[in-house]
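Visitor: One structure, as C-alpha cells, below. Some questions next.
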Amino acid sequence: MDFGHLSILCVGDVMLDRFQHGEIERISPEAPVPVIRLRQVREMPGGAGNVACNIAALGGRAILASVIGQDGPGERLRALLAAQPGITDALVASRRRPTICKTRFIAGRQQVVRADDESSDALFVEEQAALLSAIDAHLPAAHAVILSDYGKGSLTGAVLAHTIGAARAAGIAVFVDPKSADFGRYRGAHCITPNAKEFAAAARAPATSEAEIAAAAPPLLEQAGAQAILITRSEKGMLLVERGGAIASAPARAREVFDVSGAGDTVIAALALAYAGGRTLAQAMHIANAAAGVVVSKLGTATANIAEVMHELAAQNEQLGGPAVAGLQTLAAAQSLVRHWREQGLEVGFTNGCFDILHTGHVSLLAAARLNCDRLVVALNTDDSVRRLKGQARPVNALEQRAQVMAAIRFVDCVVSFAEDTPLEIIKALMPDVLVKGADYAIDQVVGADLVRQAGGRVFLADLVAGQSTTGIIGRARIGDAGA
Numbered sequence: 010m011d012f013g014h015l016s017i018l019c020v021g022d023v024m025l026d027r028f029q030h031g032e033i034e035r036i037s038p039e040a041p042v043p044v045i046r047l048r049q050v051r052e053m054p055g056g057a058g059n060v061a062c063n064i065a066a067l068g069g070r071a072i073l074a075s076v077i078g079q080d081g082p083g084e085r086l087r088a089l090l091a092a093q094p095g096i097t098d099a100l101v102a103s104r105r106r107p108t109i110c111k112t113r114f115i116a117g118r119q120q121v122v123r124a125d126d127e128s129s130d131a132l133f134v135e136e137q138a139a140l141l142s143a144i145d146a147h148l149p150a151a152h153a154v155i156l157s158d159y160g161k162g163s164l165t166g167a168v169l170a171h172t173i174g175a176a177r178a179a180g181i182a183v184f185v186d187p188k189s190a191d192f193g194r195y196r197g198a199h200c201i202t203p204n205a206k207e208f209a210a211a212a213r214a215p216a217t218s219e220a221e222i223a224a225a226a227p228p229l230l231e232q233a234g235a236q237a238i239l240i241t242r243s244e245k246g247m248l249l250v251e252r253g254g255a256i257a258s259a260p261a262r263a264r265e266v267f268d269v270s271g272a273g274d275t276v277i278a279a280l281a282l283a284y285a286g287g288r289t290l291a292q293a294m295h296i297a298n299a300a301a302g303v304v305v306s307k308l309g310t311a312t313a314n315i316a317e318v319m320h321e322l323a324a325q326n327e328q329l330g331g332p333a334v335a336g337l338q339t340l341a342a343a344q345s346l347v348r349h350w351r352e353q354g355l356e357v358g359f360t361n362g363c364f365d366i367l368h369t370g371h372v373s374l375l376a377a378a379r380l381n382c383d384r385l386v387v388a389l390n391t392d393d394s395v396r397r398l399k400g401q402a403r404p405v406n407a408l409e410q411r412a413q414v415m416a417a418i419r420f421v422d423c424v425v426s427f428a429e430d431t432p433l434e435i436i437k438a439l440m441p442d443v444l445v446k447g448a449d450y451a452i453d454q455v456v457g458a459d460l461v462r463q464a465g466g467r468v469f470l471a472d473l474v475a476g477q478s479t480t481g482i483i484g485r486a487r488i489g490d491a492g493a
C-alpha cells in the first residue's frame, strides 16, 4: 500500500493531548488521593490533530483546518505539527477561545485522572468565516475530506453544510466521525463512522447484534443522505452497512489492549486513505480494522504506520484461515517499526538465531524475551548463513518458511533476516533496548552486547529448556527413519 500521492483535508476539533507520566508513591495527607511523582511529559496533537497525524504516519498527506487559541498550548500544538512531515497547517488562531488541552496523569500504564481546559462554545462569526476561507483554499488539493466532530464547537451547522456541499460538488468523498446523535447534521456525507454507543443513540433503539444494527441502519442512512455507516464495535470488530443493503464485517483479533484513546481517529484516517486510494468501502474497512488493532495495543493517543498495518493485516488474514503470514520484513521496514515504537515510549527487544525446526525451547525463549520488552524483533539467519554455521545439510526449512512460522508466534512483533555469520550489523541498525540470548551464553559472549549496553540498553539471558535442540530433533528423526 502506498498512500504517498493522497491528500486528505481534516476539519474539526483539534486539541493538545498532554500525558504526565509518573509513579504513585504514597497517599496525600491532605485528602485520600494518590500523590504522583512526575517523571516525564509527552505532548501530541489530539482530536482532528490526531487524525492528521495518523494520515501522515500511514504515508499520506494531511491538511488540518480548525480553530485554536492564541496561547501557549496553541503555540505548542503548531510546533508539534510543524515537526511532523506530511501535515499542512491550515489552523485559524482566535483571541477569544483557548486551545483545547487535555492533560492525562498516568502512573505506570494506568490513567489516574484527566484534566480538560476547553471551550465548547460555537464559533464566533469571524472565526467561522476564517475557517471556511481556509477550507475553500485547501479543498481543491484534497482527495477526501474527514470531519472530526468532538462536540467542541468547531463544526457548526454552517461549517458542516458548506464543507460537505463544496466537497460533493467537487466529487470528493466526505467521511464523518460523529459526536451528535442527529446524523442529519452530516447530511450528504459519504460515510459516517460511529462507535456502537453513538450508533445506538442515533438509532434510538437497541443495536447490539448484527441483526439489530442491520435493521437500524437504513433509516439513519436516509436521514444523513449517506452511502454507508461503519460501526466500530470494540472487541466485536467492525460492521459496514451500505445503502442498498450490502453488509460486511471485520472481526477484531484477540490482543492485549493498553489504551483505546484515539482509536476512532485511526479508523477514519485509514478508511479515508484506503477509499481515496481506490479500495471499496469493504476493503477499506479491513485496512482500518488492522490500523485500529495496532493503536489499541499502544499507550496513549497513538498512530499506526504502514509497516505495522501490513503486519496486522497478515496476522488477521491468518486468523481467518487465509494464507500463512508472509512474515519477513525488510530492514528499512523494521527500522521504521522500531522508530515508531520508540516514539510511543515502547521498549524494543531483539533476539536472533537459525530457528530451523521450531521447538518448545525456542517458544520458551521467545516468551521470556517478550516478557522483558514491549515489542520483540527476531532476526533469522539466511539459508546460506545457516549452511556456513550448521553444515550443508541445513537448514531443513528455507528462510521464507521459517519466517512464516516465526511471524505466527504471538510473542513476535517483527521478523527480519541477516546474511552475515553474526547479527552485529542488524543490531547496529536497530539498536534494541533489550538484547536477548539463551542462558548458555555469558554476557560478554553475546554479539552486540557492548553496543547495546553503551547505548543505555541491557542484555537478558533467558533460561533454556533442557534436552531441546534442533540438532537433537534431526538426529532422533534419522534414527527413526533408519529403524523403519
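Offset between the sequence shown (1-based) and the numbering used here: plus 9.
Note that the Cβ used here is the ideal one computed from N, Cα and C, for glycine as well.
1) Which residue's Cα is closest to the Cα of Q338: A57, C423 and P41?
2) If I measure Cβ to Cβ from L329 and keep anything under 7 Å in the same chain, skipping five residues before and after, which residues do I get?
3) Identify which residue in A237, S189, L248 and G234 has its Cα closest to the Cα of A216.
4) Tell me A138's beta-bridge partners as DSSP assigns them.
5) What is the DSSP secondary structure of C19, reduced to helix, strand or coil?
6) Does DSSP put C62 in a helix, in a strand, or in coil?
7) Whose C-beta lies closer than 7 Å to the C-beta of V468 among residues of the same chain, with five residues either side of it excluded?
8) Using the beta-carbon count (16 or more within 10 Å), is L47 buried or exposed?
9) What are the residues that DSSP puts in a beta bridge with F114?
10) Taking buried to mean at least 16 other C-beta atoms within 10 Å of its own C-beta, is D449 buried or exposed?
11) Between which two residues does the alpha helix (DSSP H) carrying D186 extend?
12) Quick check on DSSP: helix, strand or coil for A179?
13) Taking the runs of the alpha helix (DSSP H) that are 4 residues or longer, which of them lie wholly in the segment 187-260?
14) Going along the chain, which unbroken runs of the beta strand (DSSP E) with 3 or more residues stay wholly within the segment 67-92?
15) Taking contact to mean 3 or more Cβ pairs, one atom from each stretch, closer than 8 Å, check whether the segment 80-96 and the segment 111-125 are in contact.
16) Here's a check: name, in chain order, each residue in its chain whose Cβ is nearer than 8 Å to the Cβ of V395, leaving out the five neighbours to either side.
17) Let me make sure I understand the geometry here. Which of F427, A428, E429 and A412 has the alpha-carbon closest to that of V421?
18) Give the secondary structure of V266 by DSSP, where H, G and I count as helix, E and B as strand, and everything else as coil.
19) Could you check how far apart the C-beta atoms of A279 and A300 are, in whole angstroms? I think they sit under 8 Å.
20) Which term fits K111, buried or exposed, when burial requires 16 or more other beta carbons within 10 angstroms of its beta carbon?
21) Along the alpha helix (DSSP H) that carries V372, what are the first and last residues, could you check?
22) Can you have a look at I77 and say buried or exposed, based on whether 16 or more other CB atoms are within 10 angstroms of its CB?
23) Should G117 be listed as close to the ligand FMN, given that the test is whether its C-beta is under 7 Å from any heavy atom?
24) Contact check, I72 vs H147 under 8 Å by CB: the rounded distance?
25) Starting from P43, follow its DSSP beta bridges and name the residues at the other end.
26) Taking only the alpha-carbon atoms, compute the straight-line gap between T431 and G447 and give it to the nearest angstrom.
27) Rounded to whole angstroms, what is the Cα-Cα separation between F184 and A99?
28) Quick test of your reading: L140 and A74, contact by CB under 8 Å. State the CB separation rounded to the nearest angstrom.
29) Would you check if the distance between the CB atom of R4 and the CB atom of L25 is smaller than 8 Å?
30) With H, G and I counted as helix, E and B as strand and the rest as coil, what does DSSP make of P107?
31) Around the C-beta of E251, are 16 or more other C-beta atoms found within 10 angstroms, so that it is buried, or is it exposed?
32) Which residues in the same chain as A283 place their Cβ atom closer than 6 Å to its Cβ, once the five residues preceding and following it in sequence are excluded?
33) Quickly, what does DSSP pair T360 with across the bridge? List them, please.
34) Once DSSP output is grouped into helix, strand and coil, what is the label at I144?
35) Helix, strand or coil for E352, going by three-state DSSP, please let me know.
36) Please name the residue, chosen from T108, V425, D274 and G400, that lies closest to I64 on a Cα-to-Cα basis.
Guide: According to the structure shown:
1) As a first step, residue 338 must be located in the sequence shown, where it is residue number 329. When only C-alpha atoms are compared, the closest one is C423.
2) As a working note, residue 329 is residue 320 in the sequence shown. Only weak support is given to the placement of L329: the predicted model assigns it a pLDDT of 49, under 50, and the value that follows is read from those uncertain coordinates. Excluding five sequence positions before and after L329, none of the CB atoms of its chain fall closer than 7 Å to its own CB.
3) For this step, residue 216 is matched to residue 207 along the sequence shown. Among A237, S189, L248 and G234, the Cα nearest to that of A216 belongs to L248.
4) Within the sequence shown, numbered from 1, the residue matching residue 138 stands at position 129. Partner(s): none; A138 has no beta bridge.
5) Here residue 19 corresponds to residue number 10 of the sequence shown, with the count starting at 1. Residue state for C19 is assigned as strand, using DSSP reduced to three classes.
6) Locating residue 62 in the sequence shown gives position 53, counting from the first residue. Correct three-state label for C62: helix.
7) To locate residue 468, count along the sequence shown from 1; it is residue 459. Contacts found: L444, I452, V455, A458, V461 and R462.
8) Mapped onto the sequence shown, residue 47 falls at position 38. So L47 counts as exposed.
9) Here residue 114 refers to the residue found at position 105 of the sequence shown. In the DSSP assignment, F114 is bridged to Q29 and V122.
10) Position 440 of the sequence shown, counting from 1, holds the residue named residue 449. Under a 10 Å Cβ-count criterion, D449 is classified as exposed, with fewer than 16 other Cβ atoms of the shown protein chains found around its own Cβ.
11) Counting from one through the sequence shown, the residue named residue 186 turns up at place 177. Per DSSP, D186 belongs to no alpha helix (DSSP H); it is in the beta strand (DSSP E), A182 to D186.
12) The residue you call residue 179 lines up with position 170 of the sequence shown. Coil, per DSSP.
13) Taken in chain order, the complete alpha helix (DSSP H) segments of 4 or more residues contained in the segment 187-260 are 205-212 and 219-233.
14) Taking only runs of at least 3 residues, the beta strand (DSSP E) segments lying wholly in the segment 67-92 are 70-74 and 76-78.
15) The segment 80-96 is not in contact with the segment 111-125.
16) Residue mapping note: residue 395 aligns to position 386 of the sequence shown, counting from 1. Within the same chain, V395 has close Cβ partners C363, D365, R403 and P404.
17) Taking the sequence shown and counting its residues from 1, the one referred to as residue 421 is at position 412. From the listed residues F427, A428, E429 and A412, the smallest Cα separation to V421 is found for A412.
18) Here residue 266 refers to the residue found at position 257 of the sequence shown. In this prediction, V266 scores a pLDDT of 47, lower than 50, which makes its location untrustworthy; no coordinate-derived value is stated.
19) For the purposes of this step, residue 279 is identified with residue 270 of the sequence shown, where counting begins at 1. For the purposes of this step, residue 300 is identified with residue 291 of the sequence shown, where counting begins at 1. Going by Cβ atoms, the distance from A279 to A300 rounds to 4 Å, so yes, they are a contact pair.
20) Reading the sequence shown from its first residue, position 102 is the one you call residue 111. Classification of K111: buried, given that the 10 Å Cβ count is 16 or more.
21) By one-based count along the sequence shown, residue 372 stands at place 363. First-last of the alpha helix (DSSP H) with V372: T369 to L380.
22) Counted from its first residue, the sequence shown places residue 77 at position 68. I77 should be labelled buried.
23) As presented, the structure is devoid of all ligands, the ligand FMN included, so that no description of it is given.
24) Numbered from 1 along the sequence shown, position 63 holds the residue referred to as residue 72. Numbered from 1 along the sequence shown, position 138 holds the residue referred to as residue 147. Right, the Cβ-Cβ distance comes to about 5 Å (below 8 Å), so this counts as a contact.
25) The count along the sequence shown starts at 1 and reaches residue 43 at position 34. Beta-bridge pairing links P43 to I36.
26) Position 422 of the sequence shown holds residue 431. Position 438 of the sequence shown holds residue 447. Looking at the two C-alpha atoms, the distance is approximately 15 Å.
27) The residue given as residue 184 occupies position 175 in the sequence shown. The residue given as residue 99 occupies position 90 in the sequence shown. F184 and A99 have their C-alpha atoms spaced approximately 19 Å apart.
28) What you label residue 140 is simply residue 131 of the sequence shown in a count that begins at 1. What you label residue 74 is simply residue 65 of the sequence shown in a count that begins at 1. Contact between L140 and A74 holds, since their C-beta atoms are separated by about 6 Å, short of 8 Å.
29) In the structure as shown, the chain begins at 10 and stops at 493. Residue 4 is therefore absent and cannot be evaluated.
30) The residue labelled residue 107 in the question sits at position 98 within the sequence shown. Looking at P107 - three-state DSSP - the assignment turns out to be coil, as it is neither helix nor strand.
31) Translated into positions along the sequence shown, residue 251 becomes position 242. Burial of E251 is indicated by the presence of at least 16 other C-beta atoms within 10 angstroms of its C-beta.
32) Taking the first residue of the sequence shown as 1, we reach residue 283 at position 274. Around A283: A293 and I296.
33) The residue you call residue 360 lines up with position 351 of the sequence shown. V387.
34) Locating residue 144 in the sequence shown gives position 135, counting from the first residue. DSSP places I144 in helix when its eight states are reduced to three.
35) For the purposes of this step, residue 352 is taken as residue 343 along the sequence shown, with counting starting at 1. It is helical.
36) The residue given as residue 64 occupies position 55 in the sequence shown. Comparing Cα positions, the closest option is D274.
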